[in-house]
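Everything below concerns the one structure shown next.
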Amino acid sequence: MKVSLFITCLTDLYAPTVGMAVVKTLEHFGCQVDFPADQTCCGQPAFNNGYPEHARTLAQRMIEVFKKADYIVTPSGSCCAMIRDHYPHLFADDEVHQPEALEFVGRTYEFIEFLTKILKVDLTPYRLPEPVDFTYHYTCHLRGLEMTGDPCIGLLRQIGNCRFVPLEKAEQCCGFGGTFATKYPDISGAIVRDKVQCGNRTRAQVMIVNDGGCAMNIGGAGHRYGSTFAVRHAAEIIATALEGGKDNARR
Amino acid sequence: MPVAEPHKKVAPPRLALPVFVPDFMASASAQSANESLHTALDNSVTKKDYSRRTMLAALPDADALRALAGNIKRHTLDHLDYYLELLEKNVVAHGGQVHFAADSQQANDLVIAIARRTSSHLIVKSKSMVSEEMELNHALEAAGLEVVETDLGEFILQVDQSHPSHLVMPVIHMRAMEIGKVFAAHFKVPYTDDPPTLAEMARVYLRNRFNEADMGISGVNFAIAETGSVCLCTNEGNGRMCTTRPRIHVAIMGMEKVIPAMEDLPVFLKLLARSASGQTLTQYTNIITGPKRPDEHDGPEEFHLIIMDNGRSRILAGDYRDTLRCIRCGACLNACPIYRKVGGHTYGSIYPGPIGALITPLFNGLAKHKHLPHASSLCGACYEACPVKINIPEMLILMRRDQVRTGITSRAERWIFDLWTWGLRHRWSYRWGQVVQRLVLRRFPAKDQWIAKLPGPVAGWTRVRDFPRPPRHDFRYLWKEHQAAKQATHGRGATP
Ligand code: SF4
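What follows is the structure, encoded as structure tokens:
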């Protein structure tokens, strides 16, 4: 299966190891991963701030760059939701580009979604070297993907040594919201402090956050106010478990 | 159809919605630091949000019900003139009177005219958001009439001379201690903060006022066109007292409150109480059709229905028609992370929370409330909660677009987005941007790879949290390394 990775600009610069974890996981399950180097941004910031024409320009570029891909997989829920929820509308009155856009949308998946819906992976044969308690922040844009927290939690729970601890107000936004975080820092700060406190109360060592922006936000607040957990993308946990190979299987 | 009294003096142009807190940013900053408010709101609205989820999850197919409710509202709004005429016809057929008010001033004048004609002096009121929109109490008092709010929350606000901060729980911002102080001063009794004692005080006082009142004013949750009935949902029973005890009953509604038929009502009743308060049904659900009949003992002699526009037909004609589906259940407020941190007053008008952030600018103009559509993380919790499926985040984005198009957004910001988009249209400029970002950011002092203070556009970010220091190598670099390593193991040409 040929899979093209859409890394997203934040992950490219700030969390490259998440990208590598995605690559390793996909390759482990037999995907032929490629990385179209021409990719830039899906246009989400422009769209959300009220510049649909700008977003459209970038959307068209995305579609062009990933033209040859069978599947497009991205580790960021919000970028995937941008494509899924808004690309169809961006090309709604454009008969020329709309079919292409819809077809592109149909090939695009969020990482966990791809693992569970397309690859239907089974992680039960794998385990982490050390026991880890993890909690899970339900990133908001998964709402748009009609995917509750469960697929990711369920997937991680298959891994040996990986124990789930529920998070209070898990579905409450972390306060990132793109430019919102810098335009309204006081509100955003109050919301993310709440998230850090809820995370600390779980006593988990890891909080799973499957979105680049939210991870920067919760991680940054965690460092500022003192968190007892590390922020990780699910791909990082999965890749670590896979590294051990099946030989490491529990029981 | 009776018309409003002509105005005596030329009034200054007024806003469709009164504005109580003019400075959004100052209020937002203050409330964001107010941790006791956050705790109070978590104990009330966040809890209500969870009871809503539980209640809806227990319905066989809540999502289909919400879709149905949304579609009924959409259909009604698409044929609003037809249903309003049908409503008028049927109210009149049952002996009621219908008045149309173009704006809140006309609506106030209508109420005053009815009071004068019927020699009404004391007016009791049940909770109604549209009357808040009209600042009805002020208008009635200015006309020399006495008006008493009878919903406990609204009564407290009237005594305290303050404003509601939630659509269904108006005094959510006050603690029992504060209410105790207000009552002690008002009733001239010793201070207590015991909620049942406070409620009893209000109850005894209000009982007498119900008996003495000439006129009762209520809002309308749903007006049923087919039967000419109005439906009122309350939890305290005061609505029933207001609409049956006095001689005159005046019901006031925004023109979007009409629904086609009685068979549509249960759809909304099922959703309203569950969404608002996690109840299966409100304690009192009254369906009122016209005044007292000749053979009946109870009920008012006259029934008036005031249908107010106040900017709604303008909203109806534009891109934001869906906002008129709102049944004012407050679920979007309870679900909203922003509301949970800033409370209701920060939004400035009587309509707070996500729906308020949309309709306040629609009523008063986009330039007047330019922060409201932006002060949202677009998380979508409101859309998920809304029983009539108003896509609030999508419309907030639309409103941001309209701000850009009408020049309300600063020239600097528009220029930044032009430049940003241009930069992302080319691989080289994207790469260049990333490299510059990394070089610049890596010059700032960092602790454990986190930067504590940054200037310029990201200063806001580091005011409340740290910023990640970009690692030495980006993904592209790691990818190349990975490819090279694979080639080395598999031999040349093994990877495409
Ligand atoms: S927008 Fe929806 S959720 Fe919010 S108050 Fe109106 S009906 Fe309720």
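Heads up: the sequence lines are chains C and F, in that order.
Remember, my numbering sits 113 above the position in the first sequence when you count from 1.
Remember, my numbering sits 46 above the position in the second sequence when you count from 1.
Glycine included, C-beta positions come from ideal geometry on N, C-alpha and C.
**Request:** Enumerate, from N- to C-terminal direction, the unbroken alpha helix (DSSP H) stretches of 4 or more residues contained entirely within the stretch 176-224 of chain C.
**Result:** Here the runs fully enclosed are 190-194, 200-203 and 211-220.
**Prompt:** Which stretch, first to last residue, makes up the alpha helix (DSSP H) that contains Arg-172 (chain F)?
**Reply:** For the purposes of this step, residue 172 (chain F) is taken as residue 126 along the second sequence, with counting starting at 1. For the sequence presented, residue 172 (chain F) should be read as Ser rather than Arg. Here Ser-172 (chain F) belongs to no alpha helix (DSSP H), and DSSP marks it neither H nor E.
**the ligand SF4 heavy atom lying under 6 Å from the CB of Gly-376 (chain F)** = Working through the second sequence from its first residue, we reach residue 376 (chain F) at position 330. Checking every heavy atom of the ligand SF4 against the Cβ of Gly-376 (chain F), one is found closer than 6 Å.
**Asked** Which residues of chain F have a Cβ atom closer than 7 Å to the Cβ of Tyr-297 (chain C), listed in chain order?
**Response** In the first sequence, residue 297 (chain C) corresponds to position 184, counting from 1. Neighbours of Tyr-297 (chain C) across chain F, judged by C-beta separation under 7 Å: Ala-74 and Ala-421.
**Message:** For His-167 (chain C) and Ala-150 (chain C), what's the separation of their Cα atoms in angstroms?
**Reply:** Translated into the one-based positions of the first sequence, residue 167 (chain C) becomes position 54. Translated into the one-based positions of the first sequence, residue 150 (chain C) becomes position 37. In a straight line, the C-alpha of His-167 (chain C) is about 21 Å away from that of Ala-150 (chain C).
**Message:** DSSP three-state label for Met-114 (chain C), please.
**Reply:** Here residue 114 (chain C) corresponds to residue number 1 of the first sequence, with the count starting at 1. Three-state DSSP puts Met-114 (chain C) in coil, outside helix and strand.
**Ala-434 (chain F) beta carbon near the ligand SF4 (any heavy atom closer than 6 Å)** = Reading the second sequence from its first residue, position 388 is the one you call residue 434 (chain F). Per the sequence presented here, residue 434 (chain F) reads as Val, with Ala not at that position. When distances are taken from the beta-carbon of Val-434 (chain F) to the heavy atoms of the ligand SF4, the shortest one is below 6 Å.
**Prompt:** Any chance the CB of Ile-401 (chain F) is under 6 Å from a heavy atom of the ligand SAM?
**Reply:** No copy of the ligand SAM occurs in the structure displayed; its ligands are the ligand SF4 alone.
**Prompt:** Nearest-angstrom Cα distance between Val-304 (chain F) and Val-434 (chain F)?
**Reply:** Walking along the second sequence from the start, residue 304 (chain F) turns up at place 258. Walking along the second sequence from the start, residue 434 (chain F) turns up at place 388. Going from the Cα of Val-304 (chain F) to the Cα of Val-434 (chain F) covers about 14 Å.
**Message:** Check whether chain C comes within 7 Å of Val-450 (chain F), counting only Cβ atoms and requiring the distance to be less than that.
**Reply:** The count along the second sequence starts at 1 and reaches residue 450 (chain F) at position 404. Output row for Val-450 (chain F): interface = yes.
**Prompt:** Is there a Cβ from chain F that is less than 7 Å from the Cβ of Asn-162 (chain C)?
**Reply:** Translated into the one-based positions of the first sequence, residue 162 (chain C) becomes position 49. So yes, Asn-162 (chain C) belongs to the interface.
**Asked** Counting only beta-carbon atoms, is Thr-11 (chain F) nearer than 7 Å to chain C?
**Response** Because chain F is modelled from 47 through 542, residue 11 (chain F) falls outside the range shown and cannot be assessed.
**Request:** With DSSP collapsed to three states, give me the class of Ile-270 (chain F).
**Result:** Counted from its first residue, the second sequence places residue 270 (chain F) at position 224. DSSP places Ile-270 (chain F) in strand when its eight states are reduced to three.
**Prompt:** Looking at the C-beta of Phe-256 (chain F), does it have a partner C-beta in chain C at a distance below 7 Å?
**Reply:** The residue you call residue 256 (chain F) lines up with position 210 of the second sequence. Using a Cβ-Cβ cut-off of 7 Å, Phe-256 (chain F) does not count as an interface residue toward chain C, since no Cβ of chain C sits closer than that to its own.
**Asked** Looking only at C-alpha atoms, which of F:Ala-458, F:His-420, F:Gly-469 and F:Ile-462 sits nearest to Asp-448 (chain F)?
**Response** Within the second sequence, residue 448 (chain F) is the residue found at index 402, counting from 1. Across the set F:Ala-458, F:His-420, F:Gly-469 and F:Ile-462, the C-alpha of F:His-420 shows the shortest separation from the C-alpha of Asp-448 (chain F).
**Prompt:** What is the DSSP secondary structure of Gln-480 (chain F), counted as helix, strand or coil?
**Reply:** Working through the second sequence from its first residue, we reach residue 480 (chain F) at position 434. Reduced to three states, the DSSP call for Gln-480 (chain F) is helix.
**Prompt:** Looking only at DSSP bridge pairs, what is Gln-145 (chain C) linked to?
**Reply:** Start at 1 with the first residue of the first sequence, and residue 145 (chain C) comes out as number 32. In the DSSP output, where bridge partners are listed per residue, Gln-145 (chain C) has C:Lys-115.
**Item:** Cβ-based neighbour list, Val-116 (chain C), same chain, cut-off 6 Å, excluding 5 preceding and 5 following
**Value:** On the first sequence, position 3 is the one that residue 116 (chain C) refers to. Cβ within range, chain order: Leu-139, Cys-144, Val-146, Tyr-184 and Val-186.
**Prompt:** In three-state DSSP terms, what is Phe-229 (chain F)?
**Reply:** Taking the second sequence and counting its residues from 1, the one referred to as residue 229 (chain F) is at position 183. If DSSP states are grouped into helix, strand and coil, Phe-229 (chain F) belongs with the helices.
**Prompt:** Between Lys-93 (chain F) and Ala-377 (chain F), what straight-line distance do the alpha-carbon atoms span, to the nearest angstrom?
**Reply:** One-based indexing of the second sequence puts residue 93 (chain F) at position 47. One-based indexing of the second sequence puts residue 377 (chain F) at position 331. Take the alpha-carbon of Lys-93 (chain F) and the one of Ala-377 (chain F): they are about 11 Å apart.
**Contact set between Ser-301 (chain C) and chain F, taken where Cβ atoms lie within less than 7 Å** = Working through the first sequence from its first residue, we reach residue 301 (chain C) at position 188. Residues of chain F whose Cβ lies closer than 7 Å to the Cβ of Ser-301 (chain C) are, in chain order, Val-510.
**Prompt:** Looking only at its own chain, which residues have a Cβ that is under 6 Å from the Cβ of Phe-217 (chain C), when we skip the five neighbours before and after it?
**Reply:** Taking the first residue of the first sequence as 1, we reach residue 217 (chain C) at position 104. Excluding residues within five positions, the ones whose Cβ falls inside 6 Å are Ile-176.
**Request:** Answer yes or no: the CB of Cys-372 (chain F) versus the heavy atoms of the ligand SF4, is any distance below 6 Å?
**Result:** The count along the second sequence starts at 1 and reaches residue 372 (chain F) at position 326. Result yes, Cβ under 6 Å from the ligand SF4.
**Request:** Quick one: grab the DSSP three-state call for Phe-289 (chain C).
**Result:** Taking the first residue of the first sequence as 1, we reach residue 289 (chain C) at position 176. Three-state result, Phe-289 (chain C): coil.
**Asked** Would DSSP call Glu-226 (chain C) helix, strand or coil?
**Response** In the first sequence, counting from the first residue as 1, residue 226 (chain C) sits at position 113. Under the three-state reduction of DSSP output, Glu-226 (chain C) falls in the helix class.
**Prompt:** Taking Cβ positions, are Phe-289 (chain C) and Gly-312 (chain C) nearer each other than 7 Å?
**Reply:** Here residue 289 (chain C) refers to the residue found at position 176 when the first sequence is read from its first residue. Here residue 312 (chain C) refers to the residue found at position 199 when the first sequence is read from its first residue. In terms of Cβ geometry, Phe-289 (chain C) and Gly-312 (chain C) do not form a close pair [threshold 7 Å].
**Message:** On the criterion of 16 or more Cβ atoms from any shown chain inside 10 Å, does Trp-523 (chain F) qualify as buried, or is it exposed?
**Reply:** In the second sequence, counting from the first residue as 1, residue 523 (chain F) sits at position 477. The residue you asked about is not Trp; residue 523 (chain F) is Tyr in the sequence shown. Exposed, since its Cβ has fewer than 16 Cβ neighbours within 10 Å.
**Request:** Tell me whether Pro-48 (chain F) sits in a helix, a strand or coil according to DSSP, three-state version.
**Result:** The sequence position of residue 48 (chain F) within the second sequence is 2, counting from 1. Unreliable placement is indicated for Pro-48 (chain F), whose pLDDT of 46 sits below 50; the coordinate value is still reported in the next sentence. In the three-state scheme derived from DSSP, where H, G and I count as helix and E and B as strand, Pro-48 (chain F) is classed as coil.
**Asked** What number of angstroms, rounded off, separates the C-alpha of Pro-542 (chain F) from the C-alpha of Ile-462 (chain F)?
**Response** Taking the second sequence and counting its residues from 1, one reaches residue 542 (chain F) at position 496. Taking the second sequence and counting its residues from 1, one reaches residue 462 (chain F) at position 416. Model confidence at Pro-542 (chain F) stands at a pLDDT of 43, short of 50, so the residue's coordinates are unreliable; what they give is reported in the following sentence. Taking the straight line joining both Cα atoms gives about 39 Å.
**Item:** chain C residues whose Cβ lies nearer than 7 Å to that of Val-388 (chain F)
**Value:** In the second sequence, the residue the question calls residue 388 (chain F) occupies position 342. Ile-300, listed in chain order.
**Prompt:** Sorted by chain position, which residues of the same chain lie with C-beta nearer than 8 Å to Leu-123 (chain C)'s C-beta, five sequence neighbours on each side aside?
**Reply:** As a working mapping, residue 123 (chain C) is identified with position 10 in the first sequence. Short of 8 Å from the beta carbon of Leu-123 (chain C), and not among the five residues preceding or following it, lie these beta carbons of its own chain, in chain order: Ser-189, Gly-325, Gly-326 and Met-329.
**Item:** Residue range of the beta strand (DSSP E) that includes Leu-241 (chain C)
**Value:** Indexing the first sequence from 1 puts residue 241 (chain C) at position 128. 240-249 is the span of the beta strand (DSSP E), which, as asked, contains Leu-241 (chain C).
**Request:** Grab me the residues of Asp-95 (chain F)'s own chain with a C-beta within less than 6 Å of its C-beta, minus the 5 sequence neighbours each way, in chain order.
**Result:** For the purposes of this step, residue 95 (chain F) is taken as residue 49 along the second sequence, with counting starting at 1. Closer than 6 Å at the Cβ level, and outside the excluded window around Asp-95 (chain F), lie Asn-380 and Ala-381.
**Asked** Residues of chain F with a CB under 7 Å from the CB of His-167 (chain C): which are they?
**Response** For the purposes of this step, residue 167 (chain C) is identified with residue 54 of the first sequence, where counting begins at 1. The answer, in chain order, is Phe-463 and Thr-467.
**Prompt:** If we cut at 7 Å on Cβ distances, does Tyr-222 (chain C) have a partner in chain B?
**Reply:** Included in the structure are the protein chains C and F, with no chain B among them.
**Request:** With DSSP collapsed to three states, give me the class of Pro-514 (chain F).
**Result:** Residue numbering aside, residue 514 (chain F) sits at position 468 when the second sequence is read from its first letter. Three-state result, Pro-514 (chain F): strand.
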